[in-house]
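Protein chains in written order, with the working numbering: chain Y, 1 to 458; chain S, 459 to 628. All C-beta atoms, glycine included, are put in the ideal place defined by N, C-alpha and C. No experiment lies behind these values; they were computed from the predicted model shown. Reviewing the structure listed below.
Here it is in structure tokens:
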């Protein structure tokens, strides 16, 4: 059990969660046998995985070669092609020269996507619609890639119109057993950051699930994978699927798989790392109900989704039937500028998709948070959208309905106006009213209370 | 007595009624039936037209900030007299030709694309603010000339901190 805590001194991530020396030193000092790298920071760092192993500790994750093979997106592509896993048309090596980029874009045709070769999580990524946009997009992607991953190289591929993002959870014990735990659909994304994830996907039937599951297992075998990993695919409107990338770690959205499979994925990871047997030996073919996850971000949808750091002056998280919350904050927590804006993950389970969605909407509506802006109302509007309810999703969903999702109905505006007017007239909030009561010769507290009570009854 | 609520670019008018010590607000044609109860310092329960709302309030710069189901609006509430005084005393739109571009978010200035005296077109990138691991491009609000750059690359800025002084070309 992880029941000891050691502080990581420092402010920015380079001084804390990215400082390999500090982390390994603490692990040794505490007599730990293994390090679980989580799902950010050093979790996909091959060098760190290797250092952990060399220092006599166990890295709970794949070996460093697998991380390296899949971490270089260009090499991963080539490996997939060799192993008959379908990929999207595009470059097979990193692009460094503008002229070269121009030729490639011309060849595969706009729109094209520029991606950081070393990346993930939407950093260093740009969609380019035409030649005029290419230069700025290349520069921006390279800069973001440099600052996020320390490597400015990018590659270019064909951008698919309105695809779905479908990923498969893989578990491999490193002793010949590689299974999948079904899919997660993560089509609801904003600027390539996932916002809502669910399992299972409404679009996969048993046959397609079998095909994609096999391709996912092939991908894992190709890099000699061990432990938990995820193969991400894009699925086009004709149900063709293409390998996007492999995440050689636990994913942020792993809870939805846990709820529909009944497994604890972190526990499975530890079992595998300890050389013990996995709970399941066959791939998952049917799911228990339906699960959704919403990522709560400290950002302001009304102001271009600008980050919204600050102190949580009030926090009353949601609970209730079928609700799980994986949160990193409490009341009075300070949300700093230095880390990712994700503050919590709300997960809902239902016996079917409709029930899971209804439970999620209720939980979001009851989630009370003050001191920072969040995307909660935005999430509610997505979940209440007809197209979401019918499961008609694509990675361009948010872009297509952006304006609709930010609009308020007149009835809501009236509510806010009325609420503010009532608040201002509360005796404690209106100094003018307070004074007049004080100075009133008849100003008995009887009259004052009577007035307050009447205010409520009307 | 009228009460005005300014919200999201529109003004909503309420009629305040104080009959027989009974206070009510009327919105549009019908009297708003409500039950408004304080739960916590800035937390209230409102029942309006048979629906229940949990609301949070805060105040800043003369506005009341109301939050409901994760959504927040700034509302300015004024009585008839307050509104009349403000309408009379409000200054005419000041000379628009000089303007100061402020940081819309706190962050780190990671790149400055402009120099003093440079002419920029509307929408042209001026500088990049990095926050929470994402790049945010600050663009020119209009076609103008850069008269002063108030920040340096690598500098951390607070929200609303002046970044650039611009002179419009009009």
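Thinking C-beta only, is residue j closer than 8 Å to residue i?
i	j	result
residue 416 of chain Y	residue 524 of chain S	yes
residue 590 of chain S	residue 337 of chain Y	yes
residue 277 of chain Y	residue 284 of chain Y	no
residue 159 of chain Y	residue 111 of chain Y	yes
residue 347 of chain Y	residue 291 of chain Y	yes
residue 243 of chain Y	residue 131 of chain Y	no
residue 83 of chain Y	residue 218 of chain Y	yes
residue 164 of chain Y	residue 395 of chain Y	yes
residue 189 of chain Y	residue 398 of chain Y	yes
residue 502 of chain S	residue 526 of chain S	no
residue 312 of chain Y	residue 380 of chain Y	no
residue 68 of chain Y	residue 115 of chain Y	no
residue 563 of chain S	residue 307 of chain Y	yes
residue 192 of chain Y	residue 125 of chain Y	yes
residue 57 of chain Y	residue 32 of chain Y	yes
Could you tell me which of the options sits nearest to residue i, measuring between CA atoms?
i	options	result
residue 55 of chain Y	Y:30, Y:46, Y:372 and Y:24	Y:24
residue 403 of chain Y	Y:382, Y:413, Y:423 and Y:388	Y:382
residue 500 of chain S	Y:410, Y:385 and Y:369	Y:369
residue 46 of chain Y	Y:28, Y:259, Y:88 and Y:118	Y:118
residue 88 of chain Y	Y:33, Y:326 and Y:234	Y:234
residue 324 of chain Y	Y:256, Y:388 and Y:4	Y:256
residue 352 of chain Y	Y:260, Y:141 and Y:21	Y:260
residue 247 of chain Y	Y:241, Y:268, Y:129 and Y:225	Y:225
residue 94 of chain Y	Y:29, Y:300, Y:157 and Y:326	Y:157
residue 181 of chain Y	Y:287, Y:147, Y:115 and Y:99	Y:287
residue 194 of chain Y	Y:8, Y:133 and Y:293	Y:293
residue 533 of chain S	S:609, S:544 and S:462	S:462
residue 603 of chain S	S:513, S:529, S:572 and S:517	S:572
residue 229 of chain Y	Y:390, Y:60 and Y:310	Y:60
residue 462 of chain Y	Y:358, Y:123 and Y:138	Because chain Y here runs from 1 to 458, residue 462 of chain Y falls outside it and cannot be looked at.
residue 520 of chain S	S:544, S:514 and S:509	S:544
residue 426 of chain Y	S:464, S:459 and S:497	S:497
Might you give, ordered along the chain, the residues of its own chain that have their beta carbon closer than 7 Å to the beta carbon of residue i, omitting 5 neighbours on each side?
i	result
residue 328 of chain Y	343 and 344
residue 595 of chain S	583 and 586
Does residue i get closer than 8 Å to chain Y when you measure Cβ to Cβ?
i	result
residue 530 of chain S	yes
residue 466 of chain S	yes
residue 611 of chain S	no
residue 485 of chain S	yes
residue 463 of chain S	yes
residue 591 of chain S	yes
residue 622 of chain S	no
residue 579 of chain S	no
residue 470 of chain S	yes
For residue i, go through chain S and note every residue whose CB falls closer than 9 Å to its CB, in chain order.
i	result
residue 224 of chain Y	Residues of chain S passing the Cβ test: none, with the nearest at roughly 31 Å.
Would you mind telling me which residues of chain Y sit closer than 7 Å to residue i, beta carbon to beta carbon, in chain order?
i	result
residue 565 of chain S	337
residue 535 of chain S	420, 421 and 424
Check the Cβ of residue i against every Cβ in chain Y and list those closer than 8 Å, keeping chain order.
i	result
residue 562 of chain S	303, 304 and 306
residue 527 of chain S	364, 365, 376, 377 and 380
residue 522 of chain S	420, 423 and 424
Can you confirm whether residue i, when its beta carbon is compared against all beta carbons of chain S, has any partner nearer than 8 Å?
i	result
residue 382 of chain Y	no
residue 123 of chain Y	yes
residue 38 of chain Y	no
residue 140 of chain Y	yes
residue 401 of chain Y	no
residue 373 of chain Y	yes
residue 314 of chain Y	yes
Leaving out the 5 sequence neighbours to the left and right, which residues in its chain are closer than 6 Å to residue i when beta-carbon positions are compared?
i	result
residue 185 of chain Y	166, 198 and 201
residue 568 of chain S	586 and 588
residue 241 of chain Y	212, 233 and 235
residue 619 of chain S	561
residue 464 of chain Y	Only positions 1 to 458 of chain Y appear in the structure, and residue 464 of chain Y is not among them; the question remains open.
residue 623 of chain S	558, 605 and 606
List, in chain order, every chain Y residue whose beta-carbon is nearer than 9 Å to that of residue i.
i	result
residue 504 of chain S	415, 418, 419 and 422
Residues of chain S with CB under 7 Å from residue i, in chain order?
i	result
residue 148 of chain Y	591
residue 144 of chain Y	593
residue 243 of chain Y	Simply none; closest approach about 26 Å.
residue 309 of chain Y	564
Mind pulling the chain S residues with CB within less than 8 Å of residue i?
i	result
residue 541 of chain Y	Since the first residue of chain Y shown is 1 and the last is 458, residue 541 of chain Y is not available in this structure.
residue 340 of chain Y	590 and 591
residue 388 of chain Y	Result: empty, since nearest Cβ-Cβ is about 17 Å, beyond 8 Å.
residue 317 of chain Y	Per Cβ cutoff of 8 Å: no residues; residue 317 of chain Y is ~13 Å from chain S at best.
Excluding the five sequence neighbours on either side, which residues of its own chain have a C-beta within less than 8 Å of the C-beta of residue i, listed in chain order?
i	result
residue 566 of chain S	587, 588, 589, 612, 613, 614 and 615
residue 468 of chain S	none
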